[in-house]
Amino acid sequence: MIKRLIIRMLAASARRAIRREKPTIVAITGSLGKSSAKEAIAVAMGAREPGSSVRASRKNYNNEFGVPFTVFNVPAPGKDPLRWLIVCWNALWIGWGFGRIGAHTLILEMGADHPGDLAWLVSIAPPNISVITSVAEAHSEFFGSIEEVAKEKATLVRVLREKGLAILNNDDPRVTAMRKEMHCPAV
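To convert, take the position in the sequence shown, counting from 1, and add 554; that gives the numbering used here.
Take a look at the structure:
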């Protein structure tokens, strides 16, 4: 129950901050290659430079905790209750508008272990640019079939607006097929 409450509070605070500050959001998903693609994009955009206004997910912060941690630029608190209080306080502080995200661009890795995970993550941080690396059997135990995995990954292209951009791996036929679900340009 407490875990669910914290997840909802982090998500609501991140949503409010993103709505208010309107950073460009680059969302990356795929069965394989998410972290490598995120790191390549982060380096190309200067996210690893001191004082950069571009922020990328640390490590593989790609779930219901990791995406807000990246938005608020806080490390995972582990099992330390004091650190959790600090993370929650920072999230509320920024969510209420007393602090700022401090980034013009967020490069967010988004993972899915269960159906609906990506819908939850894009409800927190709706992407302007979506990158789909691949669709494979990896992490598919809760999906039933590879087609269900592809459907979940396609969430990132379905939510893009007309002014959005999709970057798709054309070497993967399941990723290429996602073009049919788009309302924006793709490369």
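C-beta: ideal position from N, C-alpha, C; glycine also.
Please read all numbers here as calculations on a predicted model, not as lab measurements.
query                                                                                                                                                  : result
Measure the alpha-carbon distance for residue 706 versus residue 617 and round it to whole angstroms.                                                  : 14 Å
In this structure, does DSSP put residue 636 in helix, strand or coil?                                                                                 : helix
Which residues bound the alpha helix (DSSP H) around residue 593?                                                                                      : 588 to 598
Starting from residue 609, follow its DSSP beta bridges and name the residues at the other end.                                                        : 660
Let me check understanding here. Comparing Cα to Cα, which of 681, 713, 662, 562 lies closest to residue 601?                                          : 662
Give, in chain order, every unbroken run of the beta strand (DSSP E) that is at least 3 residues long and sits entirely within the segment 664 to 721. : 683 to 686
Going by the beta-carbon positions, is the gap between residue 688 and residue 724 smaller than 7 Å?                                                   : no
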